[in-house]
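Once you know that position 229 of the sequence shown is 229 in the UniProt record's numbering, the rest is easy, because the numbers rise by one and skip nothing.
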Amino acid sequence: MKPIKTLFFTLGVFVLLAGTMWITPEAGVKVGSFTFHMPTFEDMLLSKQEEYADISDLVSHQFEIDSVVEIEMDTTMAGETTTEVVHGADYDELVKSIRKLEMNHEGRKNLEKFFGHLQNDSLVRIMHYGDSQIEGDRITSFVRNKLQVRFGGTGVGLRPALQPYDYVFSAKQENTGNWKRYPIYGNVDTMVTHNNYGVMGAFSRYAPLVPDSVPFRDSIWYEAEMNVSKSDISYVKTREYEHMRFFYGNAKSPVALTVIARGDTVLTKTLPANLGYGVVESELPDSTSSITLRFAGYDSPDIYGIELASRSGVIMDNIALRGSSGTIFTRTNFEHDLKMYSDLDPRLFILQFGGNVMPYIKDVKAIDRYARWFGNQIKRIQELCPEAAIIVIGPSDMSTKEKDRYVTYEHLPKVVEALKKVTLANDAAYWDMYRAMGGHNSMPSWVNAVPELARPDYVHFSPKGARLVANMFYNALIFEFNNYLEEEI
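Below, the structure written as structure tokens:
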């Protein structure tokens, strides 16, 4: 080929590429499940790199608030107890780095009501609901341990009868029999014709579910077992169980229940048929760290949960709902939930949601719709437990891949603000996890940290990262509690 032809051919290729680059949108062209990208002129001419948040100061400034403050109790000659909050020399400087809880006046009054229970009550329950960020007892376990060390209490709180996750930090669980879990979110089983799921958003059974429309036949005998025992890698406070409660209902035939702890039978009971909601409880021998429940009968009850805890101090439940956006509370049966919440008597709800909607949020209307739905969840909890305070933990930073870069989801900051707005409007407190971890484009910095603070999915924290986030939240909570104590003195 002559040089002139080679030149024209090369120029033609460049013109064709330039034209394609010019008409191709920066976001690419979707073809089925694929997206076709062309480099932009800016990409070609400039060395453009996405800037990731610098989290070095955030990590280096971490501290444990309990180590720089002391609560001194004294009894006067009149028999009255006095409290003094003693700050370490660097307390005021250290707490400047805390991402504070945000709340209006009524929200603060509600939180201070919880602090009053924490200071004065013999037993206080906290229910931590969340999406996959808290599954396996992540985040919850750290906060629970800090509170139990400071205020007393043992055990893991509520547990599902069938553990849906492969790994749980605070306890081991084994089941024998044909167990199945029925959640009210995600892929809901159409065999369930009621909304009596219990306060954990799911119930479990070891016998097939029989709809009310089908006559029940006591022809097959079922035996099943579940065991919960301490985990040797868990916090020491969670390894001992003083008291057991078992929440159930909806068995169509009587069921024999046997509870075994430390090798001895501590309870035998027949669970009645056709009971909408029931509770069985038992004291446990000293130093119980393993408990087995055995079932036998022609049917299975719907099992809403088992509580393993102490009679005093702090109980903190981890209720992880993988894939949920936190809108389960208005879907379950109000009267049924009311009975279980009345027995549990929670004083604080922590709601940690928002991440699961991010891949589906495309515009402002979708954001407003989700915020409205979430506000309805807060209202429902307030109807069920009017004496309880509520803290909402918003979503973390989350990254999606654009070409060869990981960037924050476009609408995530707006979702954070919408959740904050609806939380404060409903007199609850808000903790901004997104900004606490560094804000826009901070997730890649957590993933790339050494050791890693987040997983390569650019969504979930690593165990070390979850502990760091949990400590940041605990510091924010106890900072407010310390301020409450100082005002009460």
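Think of the CB as a built atom: it goes at the ideal place given N, C-alpha and C, for glycine as much as any other residue.
1) How is residue 255 classed by DSSP in three states: helix, strand or coil?
2) Have a look at residue 4 and residue 51 and give me their C-alpha separation to the nearest angstrom.
3) Less than 6 Å between C-beta atoms, sequence neighbours within five positions excluded: which residues of the same chain meet that for residue 235?
4) Is the distance from the Cβ of residue 155 to the Cβ of residue 283 below 8 Å?
5) With distances taken Cα to Cα, identify the nearest neighbour of residue 273 among 486, 218, 440 and 136.
6) Roughly how many whole angstroms lie between the Cα atoms of residue 124 and residue 229?
7) Report yes if the C-beta distance between residue 332 and residue 195 is below 8 Å; otherwise report no.
8) Under the assumption that residue 470 contacts residue 143 (Cβ atoms under 8 Å), give the Cβ distance between them as a whole number of angstroms.
9) Say whether the region 96 to 113 touches the region 426 to 441, bearing in mind that this needs 3 or more beta-carbon pairs closer than 8 Å, one atom from each stretch.
10) Which of the three DSSP states, helix, strand or coil, is assigned to residue 216?
11) In chain order, what are the residue ranges of uninterrupted beta strand (DSSP E) at least 3 long that sit wholly in the region 414 to 477?
12) Residue 231: which of 137, 204, 243 and 277 sits nearest, CA to CA?
13) Compute the beta-carbon to beta-carbon distance between residue 317 and residue 128, rounded to the nearest angstrom, for a pair I have assumed lies under 8 Å.
14) Is the region 335 to 348 touching the region 358 to 377 in the sense that three or more CB pairs, one from each, lie closer than 8 Å?
15) Using only alpha-carbon positions, find the residue among 176, 353 and 314 that is nearest to residue 459.
16) If you measure between the beta carbons of residue 227 and residue 174, is that distance less than 8 Å?
17) Report yes or no: do the region 316 to 330 and the region 368 to 385 share at least 3 C-beta pairs separated by less than 8 Å?
18) Exposed or buried, which one is residue 299 when buried takes at least 16 other CB atoms within 10 Å?
19) When the Cβ atoms of the region 401 to 413 are set against those of the region 382 to 389, are three or more pairs found closer than 8 Å?
20) For residue 514, collect the residues of the same chain with a Cβ closer than 8 Å to its Cβ; drop the 5 residues on either side in sequence, then sort them by chain order.
21) Give me the Cα-Cα distance between residue 122 and residue 253, rounded to the nearest whole angstrom.
22) Tell me which residues share the same chain as residue 65 and place their Cβ nearer than 6 Å to its Cβ, disregarding the 5 neighbours each side in the sequence.
23) Is the beta carbon of residue 305 sitting closer than 8 Å to the one on residue 200?
24) Would you report the Cα separation of residue 409 and residue 372, rounded to the nearest angstrom?
25) Are the Cβ atoms of residue 434 and residue 399 separated by less than 8 Å?
26) Assuming residue 291 contacts residue 320 (C-beta within less than 8 Å), just tell me the rounded distance between them.
27) To the nearest angstrom, how far is the alpha carbon of residue 147 from that of residue 481?
28) Where do the ends of the beta strand (DSSP E) carrying residue 491 lie?
Put simply:
1) Within the sequence shown, residue 255 is the residue found at index 255, counting from 1. Strand at residue 255.
2) To locate residue 4, count along the sequence shown from 1; it is residue 4. To locate residue 51, count along the sequence shown from 1; it is residue 51. The alpha-carbon atoms of residue 4 and residue 51 are separated by roughly 44 Å.
3) Translated into the one-based positions of the sequence shown, residue 235 becomes position 235. The residues are 145.
4) Indexing the sequence shown from 1 puts residue 155 at position 155. Indexing the sequence shown from 1 puts residue 283 at position 283. No, they are not a contact pair.
5) As a working note, residue 273 is residue 273 in the sequence shown. Out of 486, 218, 440 and 136, 218 has the C-alpha closest to the C-alpha of residue 273.
6) For this step, residue 124 is matched to residue 124 along the sequence shown. For this step, residue 229 is matched to residue 229 along the sequence shown. So the two alpha carbons sit approximately 23 Å from each other.
7) As a working mapping, residue 332 is identified with position 332 in the sequence shown. As a working mapping, residue 195 is identified with position 195 in the sequence shown. Yes, Cβ-Cβ distance for residue 332 and residue 195 is below 8 Å.
8) As a working note, residue 470 is residue 470 in the sequence shown. As a working note, residue 143 is residue 143 in the sequence shown. Between residue 143 and residue 470 the Cβ distance is about 5 Å, and since that is below 8 Å, they are a contact.
9) With three or more CB-CB distances shorter than 8 Å, the region 96 to 113 counts as touching the region 426 to 441.
10) Here residue 216 corresponds to residue number 216 of the sequence shown, with the count starting at 1. In this structure, residue 216 counts as coil in the three-state DSSP scheme.
11) 429 to 431
12) In the sequence shown, the residue the question calls residue 231 occupies position 231. Checked all of 137, 204, 243 and 277; the closest Cα to residue 231 is 137.
13) Taking the first residue of the sequence shown as position 1, residue 317 is located at position 317. Taking the first residue of the sequence shown as position 1, residue 128 is located at position 128. Rounded, the Cβ-Cβ distance is 6 Å, consistent with contact.
14) no
15) The count along the sequence shown starts at 1 and reaches residue 459 at position 459. The residue with the shortest Cα to Cα distance from residue 459 is 353.
16) Here residue 227 corresponds to residue number 227 of the sequence shown, with the count starting at 1. Here residue 174 corresponds to residue number 174 of the sequence shown, with the count starting at 1. For the 8 Å CB-CB criterion, residue 227 and residue 174 form a contact.
17) yes
18) For the purposes of this step, residue 299 is taken as the residue at position 299 of the sequence shown. It counts as buried.
19) no
20) A query on residue 514 cannot be resolved here, the shown segment of the chain reaching from 1 to 489 and no further.
21) As a working note, residue 122 is residue 122 in the sequence shown. As a working note, residue 253 is residue 253 in the sequence shown. Going by the C-alpha atoms only, they are around 38 Å apart.
22) The sequence position of residue 65 within the sequence shown is 65, counting from 1. Within the same chain, residue 65 has close Cβ partners 475 and 478.
23) On the sequence shown, position 305 is the one that residue 305 refers to. On the sequence shown, position 200 is the one that residue 200 refers to. Yes, they are a contact pair.
24) As a first step, residue 409 is located in the sequence shown; it is residue number 409 there, counting from the start. As a first step, residue 372 is located in the sequence shown; it is residue number 372 there, counting from the start. Using only the alpha carbons, I get a separation of about 21 Å.
25) Within the sequence shown, the letter at position 434 stands for residue 434. Within the sequence shown, the letter at position 399 stands for residue 399. The answer is no: Cβ separation not under 8 Å.
26) The residue labelled residue 291 in the question sits at position 291 within the sequence shown. The residue labelled residue 320 in the question sits at position 320 within the sequence shown. With a Cβ gap of about 21 Å, residue 291 and residue 320 do not count as contacting.
27) Your numbering for residue 147 matches position 147 in the sequence shown. Your numbering for residue 481 matches position 481 in the sequence shown. Straight-line Cα distance between these residues: approximately 12 Å.
28) The first residue shown for the chain is 1 and the last is 489, placing residue 491 beyond what the model contains.
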